[in-house]
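2 protein chains.
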Amino acid sequence: MSQTFEKLKQYIDKSMAYQTALTLLHWDLETLAPEESMNNTAKVIGLLSGEEFKSIINDDVRQLLEELGQPKEQEMLSFNQKAIVKALTKSYEQMEHIPPEEYQAYGELTAKASAIWAKAKEANSFEDFRPTLSDIIAYQKKFAGYRSKEGDKLYNLLLNDYEEGFSMEKLDAFFNKIKAAIIPLLKEVAAKQDSIDKSYNNLHYDKEKQLNFAKFVSEYVGYDFKKGVLAESAHPFTTHLHNHDVRITTHIYENNLESSIFSVIHESGHGIYEMYVDDAITMTPVGQGSSMGIHESQSRFYENIIGRSQAFWTPLYPKLQETFPEQLSNVTLLQFVKGINKAVPSLIRTEADELSYSLHIIIRYEIEKMLFEDEIKVEDLPTVWNQKYEEYLGIEPETDSDGVLQDIHWSGGMFGYFPSYALGSAIAAQLYYYMRSVMPLETYLKEGNLVPIREFLNNAIHKYGATKNTNELLMELMNEELNADYYIKYLTEKYTKLYNL
Amino acid sequence: MSQTFEKLKQYIDKSMAYQTALTLLHWDLETLAPEESMNNTAKVIGLLSGEEFKSIINDDVRQLLEELGQPKEQEMLSFNQKAIVKALTKSYEQMEHIPPEEYQAYGELTAKASAIWAKAKEANSFEDFRPTLSDIIAYQKKFAGYRSKEGDKLYNLLLNDYEEGFSMEKLDAFFNKIKAAIIPLLKEVAAKQDSIDKSYNNLHYDKEKQLNFAKFVSEYVGYDFKKGVLAESAHPFTTHLHNHDVRITTHIYENNLESSIFSVIHESGHGIYEMYVDDAITMTPVGQGSSMGIHESQSRFYENIIGRSQAFWTPLYPKLQETFPEQLSNVTLLQFVKGINKAVPSLIRTEADELSYSLHIIIRYEIEKMLFEDEIKVEDLPTVWNQKYEEYLGIEPETDSDGVLQDIHWSGGMFGYFPSYALGSAIAAQLYYYMRSVMPLETYLKEGNLVPIREFLNNAIHKYGATKNTNELLMELMNEELNADYYIKYLTEKYTKLYNL
């Protein structure tokens with residue numbers, strides 16, 4: 087046992103306590119806190135962010151990490167401990183040059199920003215959000231600048247934070263491949279979109295009944311309410327205090343049945359991941375999902391790959407019909423499955439179908455690149471946004487709310503995050519073909535037996551938390567790196583069949 | 087402006103940030119957290135309690151407080167700043183001799199204890215809670231021991247924490263006066279209890295409708311949902327992050343209409359107090375209610391003095407009838423007002439009527455005295471409890487759940503708190519007679535105009551937070567100290583009239 091590691095553990099425990107408190111404060115602001123709470127609470131968040139920062143970024147921890155990096159110490163460390171030291175060293179290097187008071191001010195800024203963004207979106211005024219967004223971007227550039235070495239591109243640093251080893255070069259190649267395959271496919275599909283009628287989806291669906299069904303389907307896919315909570319918020323999200331306290335939210339629309347069902351399955355996928363991180367590493371720097379790409383692969387595997395399949399709905403659809411007999415008794419299973427897969431180029435990312443989804447991501451990726459390469463300014467965003475939508479999807483938002491203000495991410499300083507969604511979709515498809523080769527996936531779904539699927543993912547991915555990165559997880563499981571071909575194959579097969587192309 | 091105070095302010099801000107986070111963690115455990123969350127979260131609570139402790143109990147703060155106590159510095163301080171220094175000095179002296187690791191362990195212990203108590207209560211087994219309770223009492227004795235001076239009685243120290251200037255001597259006199267008046271009055275009333283029929287109260291009342299009415303009545307008495315939240319929990323309570331984020335809970339029983347209505351009015355009284363603490367002092371050591379006695383005076387003023395009056399229900403009762411027409415259309419206003427005031431000696435404090443309530447408190451007070459004077463042991467509690475109920479109320483609990491396990495307080499280490507409830511009732515009655523002499527209280531109630539009542543209390547009490555103690559508040563407002571005679575007069579007048587004695 088390493089004495090040095092034991093010393094480090096004290097600092098880690100303290101830092102995790104701050105993180106847990108901050109997570110709860112953010113969760114609470116999004117789900118419950120009264121509207122006038124924000125200003126005072128933001129001060130608390132700022133202060134605790136500052137303390138969290140100082141609990142890790144200090145000379146003691148630097149020295150302990152240096153010692154633990156030496157071969158003699160490394161020999162004494164377990165696999166998990168090595169991973170913890172590695173992860174902490176990485177965040178140390180990310181943050182060590184940021185002055186604590188700037189980190190605290192940034193924490194306070196982003197705590198307030200999501201409410202400012204929400205109000206601006208409601209008022210449909212990008213101008214109301216612009217100054218805050220400018221401040222956030224300025225901080226992001228400054229923080230990335232502190233740690234950049236000569237020749238580093240700032241945006242590459244951010245991309246690498248969310249997905250180790252990824253850069254603009256790699257992502258350009260990835261997205262170009264996808265664009266080449268999907269844009270023509272989407273055109274073919276769009277031409278036949280009238281062949282699927284999903285008007286049933288926009289009838290009136292009682293909120294309480296939707297909430298009950300959401301809870302049911304969440305449990306059905308494997309989310310465990312002894313360790314989890316489902317609440318409502320303006321935008322669905324997942325968060326966790328630790329592996330025994332994982333929380334998801336949904337937003338119910340009474341005139342849209344699908345919206346909440348699929349966001350709940352999606353967030354359940356994230357939640358299941360966090361719930362099955364091993365007890366030995368929860369509340370440590372590797373005690374959560376490995377990367378955002380892997381995280382999105384789990385949520386998207388549940389939401390799209392299985393959640394939109396006919397096999398999945400075969401045992402489940404009668405239950406949905408029972409819940410909403412008036413609206414659905416005349417809608418057949420086949421019609422419903424076609425409806426939930428209908429592809430229509432649309433303005434809103436979170437409502438996009440699987441086929442056009444990646445294009446929404448590509449747009450954000452290209453815009454973030456331009457922002458961080460100083461090719462555009464914050465005030466150019468609405469115009470650039472609208473041009474890109476016209477170019478890739480053939481439609482242009484009429485309002486900022488339906489355009490550049492639609493996503494919460496930038497208000498939280500999450501630049502470099504969006505590509506994870508597309509990477510996640512691609513990984514999910516790759517996992518799908520692999521899993522089909524080692525288990526009777528479709529039979530399980532038709533039988534309503536989702537336990538072996540969850541257990542497979544628990545063992546292949548979840549339990550490791552962030553002790554392994556995306557590439558390691560994929561290589562160890564499938565002996566193959568991320569490969570976009572599976573994703574293209576999956577979409578092509580699926581949509582060719584669905585639309586009889 | 088005092089530079090020394092500005093330095094102290096840094097420490098205060100940090101300590102308040104910890105307190106706010108801890109408040110939210112506790113709130114969350116009681117209202118929302120999944121059942122398996124507790125063990126990991128308790129570690130976080132323990133750690134943050136330790137940090138909170140160290141943020142104040144350290145040589146820097148000690149020195150700053152010493153300097154600020156000097157006449158030269160005092161001259162430079164505003165009224166609020168003086169009060170902050172005084173309050174902080176008091177808590178410093180309470181805590182300075184406690185070793186930080188003991189404080190942290192105690193924080194972790196009490197974070198777990200409420201769930202252990204709740205389970206023991208459900209299983210109706212005092213034995214399941216006994217070891218935890220013993221540990222808590224041992225800590226309380228140890229902590230009080232650290233700061234006791236020669237001749238100090240430990241329980242006096244605890245009483246003084248909740249109510250400055252109060253001791254067993256003072257409380258014995260107070261309670262003896264009450265006992266002498268109330269025990270005979272209660273006997274007379276009990277003999278005539280069949281004269282009031284309140285069987286309507288235990289019909290079936292839909293939960294959603296009760297919740298909606300609870301929210302309505304809370305707002306009606308002056309609770310502001312822009313700064314507040316109402317949630318459900320096993321036991322109703324009030325907490326606050328700061329003056330713009332105050333939270334109350336209720337518990338709905340579908341076979342008891344009164345229970346939630348009056349606990350919501352009660353908690354709203356606490357909540358209104360916290361909401362109207364002045365902005366200048368929120369998130370400081372004097373940024374909350376002055377004492378538990380004064381706090382209970384506010385909750386009891388709303389719940390009992392006005393909330394159970396005929397004038398209060400005159401405009402409100404039709405709304406309640408409309409909400410529950412089946413159950414209440416044949417119950418007249420007068421019958422309802424008699425029902426909500428019916429006095430029946432019963433086992434459960436929180437369900438007790440106004441008349442017998444003080445006896446429940448006296449029992450707890452006498453038991454705590456014996457515990458801290460080492461006259462009884464923890465294992466004696468169930469027996470002693472039952473004997474006291476037989477002696478004062480003439481009834482004996484058949485189970486521990488209905489007896490010694492009924493209250494949450496001891497699981498949170500709140501010894502010395504219970505007397506506040508009786509003090510609060512007495513202060514509320516004293517306020518009542520005073521307010522009647524300066525405003526048309528009854529007219530306001532009959533007109534459904536509660537704003538002047540709230541504003542009066544805001545200005546007389548709430549805005550000052552803890553910058554003034556109970557005695558100062560009462561003296562400045564009414565030029566009279568706490569006087570139990572008003573309470574006895576109030577109860578005697580009320581129950582003589584109600585039961586035609």
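These protein sequence lines map, in sequence, to chains A and B.
Quick note, the numbering used here runs 86 ahead of the 1-based positions in the first sequence.
Quick note, the numbering used here runs 86 ahead of the 1-based positions in the second sequence.
Idealized CB from N, CA, C, for every residue including glycine.
Quick one, are the C-beta atoms of LEU137 of chain A and TYR104 of chain A less than 8 Å apart?
Taking the first residue of the first sequence as position 1, residue 137 of chain A is located at position 51. Taking the first residue of the first sequence as position 1, residue 104 of chain A is located at position 18. One detail in the question is off: residue 137 of chain A reads as Glu in this sequence, not Leu. Cβ atoms of GLU137 of chain A and TYR104 of chain A: closer than 8 Å.
Item checked: Inter-stretch contact (C-beta, 8 Å, three-pair minimum) for the stretch 446-455 of chain B and the stretch 259-277 of chain B -> yes
- By Cβ distance, which residues of its chain are closer than 7 Å to VAL423 of chain B, with the 5 residues on each side in sequence left out? As a first step, residue 423 of chain B must be located in the second sequence, where it is residue number 337. Setting aside the 5 residues that flank it on each side, VAL423 of chain B is surrounded in the same chain by GLN396, TRP399, each with a C-beta closer than 7 Å to its C-beta; the list follows chain order.
Residue of B:ASP364, B:GLY193, B:TYR507, B:GLU208 minimising C-alpha distance to THR436 of chain B
For the purposes of this step, residue 436 of chain B is taken as the residue at position 350 of the second sequence. Nearest of B:ASP364, B:GLY193, B:TYR507, B:GLU208 to THR436 of chain B, Cα basis: B:TYR507.
- Closest Cβ-Cβ distance between HIS328 of chain A and chain B: below 8 Å? As a position in the first sequence, residue 328 of chain A is number 242, starting the count at 1. Closer than 8 Å: yes.
* Asked: At least one CB of chain B closer than 8 Å to the CB of SER253 of chain A: is that the case?
  -> Stepping through the first sequence from its first residue, residue 253 of chain A is reached at position 167. Closer than 8 Å: no.
Using a C-beta cutoff of 8 Å, does ASN545 of chain A count as contacting chain B? Translated into the one-based positions of the first sequence, residue 545 of chain A becomes position 459. Chain B contact via Cβ: absent.
Heavy atom of the ligand NAD within 7 Å of LEU559 of chain B beta-carbon = With respect to small molecules bound, the structure shown includes none, and the ligand NAD cannot be examined in it.
| query | In the structure shown, what three-state DSSP assignment does TYR306 of chain A receive? | reply | One-based indexing of the first sequence puts residue 306 of chain A at position 220. Reduced to three states, the DSSP call for TYR306 of chain A is helix.
- Cβ contact check for the stretch 106-118 of chain B and the stretch 106-116 of chain A: 3 or more pairs under 8 Å: yes
- Query: Does the beta carbon of LYS428 of chain A sit closer than 8 Å to a beta carbon anywhere in chain B?
  - Reply: Within the first sequence, numbered from 1, the residue matching residue 428 of chain A stands at position 342. No, no contact with chain B.
Beta carbons nearer than 7 Å to chain A: which residues of the stretch 87-107 of chain B have them?
Against chain A - using a Cβ distance shorter than 7 Å - the residues of the stretch 87-107 of chain B are ASP99, LYS100, ALA103, THR106, ALA107.
ask   = In its own chain, which residues sit with a C-beta less than 7 Å from the C-beta of GLU389 of chain A, not counting the 5 before and 5 after it?
value = Counting from 1 along the first sequence, the entry for residue 389 of chain A is found at position 303. Correct list, in chain order: PHE348, ILE351, HIS352, GLY355.
Please name the residue in B:ASP146, B:VAL470, B:HIS328, B:ASP439 whose C-alpha comes closest to that of GLU182 of chain B. Within the second sequence, residue 182 of chain B is the residue found at index 96, counting from 1. Taking each of B:ASP146, B:VAL470, B:HIS328, B:ASP439 in turn and checking the Cα distance to GLU182 of chain B, the smallest one comes out for B:ASP146.
Short CB-CB distance (under 8 Å) between PRO120 of chain A and chain B: Indexing the first sequence from 1 puts residue 120 of chain A at position 34. Put simply, the CB of PRO120 of chain A is near chain B, with a gap under 8 Å to one of its CB atoms.
Discussion item. Measuring only the C-alpha atoms, how far is HIS495 of chain A from GLY534 of chain B?
Written reply: Here the question's residue 495 of chain A lines up with position 409 in the first sequence. Here the question's residue 534 of chain B lines up with position 448 in the second sequence. Taking the straight line joining both Cα atoms gives about 46 Å.
Pair within 8 Å by beta-carbon distance, ILE513 of chain A and SER383 of chain A: Reading the first sequence from its first residue, position 427 is the one you call residue 513 of chain A. Reading the first sequence from its first residue, position 297 is the one you call residue 383 of chain A. Yes, the Cβ-Cβ distance between ILE513 of chain A and SER383 of chain A is below 8 Å.
Subject >> Alpha-carbon spacing of SER377 of chain A relative to TYR503 of chain A, whole angstroms >> reply: The residue labelled residue 377 of chain A in the question sits at position 291 within the first sequence. The residue labelled residue 503 of chain A in the question sits at position 417 within the first sequence. Using only the alpha carbons, I get a separation of about 10 Å.
Checklist entry - Which chain A residues sit within Cβ distance under 7 Å of SER200 of chain B? => result As a position in the second sequence, residue 200 of chain B is number 114, starting the count at 1. In chain order: nothing, as chain A lies at least about 16 Å away.
*Whole-angstrom C-beta distance between SER487 of chain B and ASN288 of chain B, which should lie under 8 Å*: One-based indexing of the second sequence puts residue 288 of chain B at position 202. One-based indexing of the second sequence puts residue 487 of chain B at position 401. Contact flag wrong, Cβ pair sits at about 20 Å.
Practice task
For my contact list, THR127 of chain B and ALA119 of chain B are in at a C-beta cut-off of 8 Å; report their separation, rounded to the angstrom.
Solution key: In the second sequence, counting from the first residue as 1, residue 127 of chain B sits at position 41. In the second sequence, counting from the first residue as 1, residue 119 of chain B sits at position 33. About 7 Å; that satisfies the 8 Å criterion.
Query - Residue from A:ASN427, A:GLN473, A:THR409, A:GLU454 whose Cα sits closest to the Cα of LEU433 of chain A - result: The residue given as residue 433 of chain A occupies position 347 in the first sequence. That would be A:GLN473, whose Cα lies nearest to the Cα of LEU433 of chain A.
*asked:* Strictly under 8 Å for the Cβ-Cβ distance: is GLY314 of chain A near chain B by that measure?
replied: Here residue 314 of chain A is taken as the residue at index 228 of the first sequence, counted from 1. Answer yes: the Cβ-Cβ gap between GLY314 of chain A and chain B drops below 8 Å somewhere.
* To do: Put VAL490 of chain B into one of helix, strand or coil per three-state DSSP.
  => Within the second sequence, numbered from 1, the residue matching residue 490 of chain B stands at position 404. VAL490 of chain B falls in the coil class under three-state DSSP.
Report the three-state DSSP secondary structure of LEU42 of chain B (helix, strand or coil). Since the displayed chain B opens at 87 and closes at 587, residue 42 of chain B lies outside it and no answer follows.
request  = Answer with buried or exposed for LYS295 of chain B, where buried requires no fewer than 16 other C-beta atoms within 10 angstroms of its C-beta.
outcome  = Taking the first residue of the second sequence as 1, we reach residue 295 of chain B at position 209. Classification of LYS295 of chain B: exposed, given that the 10 Å Cβ count is below 16.
On the three-pair Cβ rule with 8 Å, is the stretch 236-254 of chain A touching the stretch 453-471 of chain A?
-> yes
What is the rounded straight-line gap between the Cα of ILE338 of chain A and the Cα of GLU318 of chain A?
-> Here residue 338 of chain A corresponds to residue number 252 of the first sequence, with the count starting at 1. Here residue 318 of chain A corresponds to residue number 232 of the first sequence, with the count starting at 1. Their backbone Cα atoms lie some 8 Å apart in a straight line.
Original post:
How many Å lie between TYR581 of chain A and VAL275 of chain A at the Cα?
Top reply: Taking the first sequence and counting its residues from 1, one reaches residue 581 of chain A at position 495. Taking the first sequence and counting its residues from 1, one reaches residue 275 of chain A at position 189. Rounded to the nearest angstrom, the two C-alpha atoms are 8 Å apart.
Assigned exposure category for PRO371 of chain A - 16 Cβ within 10 Å defines buried: The count along the first sequence starts at 1 and reaches residue 371 of chain A at position 285. With 16 or more Cβ atoms within 10 Å of its Cβ, PRO371 of chain A is classed as buried.
Exercise for the section: Sort B:LYS313, B:SER88, B:ILE142, B:ALA191 by Cα distance to VAL130 of chain B and report the nearest one. Expected result: Translated into the one-based positions of the second sequence, residue 130 of chain B becomes position 44. Nearest C-alpha to VAL130 of chain B: B:ALA191.
**Message:** Using 8 Å as the cut-off, can you tell me whether the stretch 89-97 of chain B makes contact with the stretch 160-177 of chain B, which would need three or more C-beta pairs spanning the two stretches below that distance?
**Reply:** Taking 8 Å as the limit for Cβ pairs, the verdict is that the stretch 160-177 of chain B does touch the stretch 89-97 of chain B.
Along the chain, where does the alpha helix (DSSP H) containing ALA591 of chain A start, and where does it finish? In the structure as shown, chain A starts at 87 and stops at 587, and residue 591 of chain A therefore has no counterpart that could be examined.
Worksheet item: With a cut-off of 8 Å, does the C-beta of MET369 of chain B fall near any C-beta of chain A?
Response: In the second sequence, the residue the question calls residue 369 of chain B occupies position 283. Yes, MET369 of chain B lies at the interface with chain A (some Cβ there is under 8 Å from its Cβ).
Any Cβ of chain B within less than 8 Å of the Cβ of LEU195 of chain A? In the first sequence, the residue the question calls residue 195 of chain A occupies position 109. It does not: the Cβ of LEU195 of chain A has no partner Cβ on chain B nearer than 8 Å.
Inset, instruction - Give the interface partners of ASN166 of chain A over in chain B, defined as CB-CB distance under 8 Å, in chain order. - result: Here the question's residue 166 of chain A lines up with position 80 in the first sequence. Residues of chain B passing the Cβ test: none, with the nearest at roughly 17 Å.
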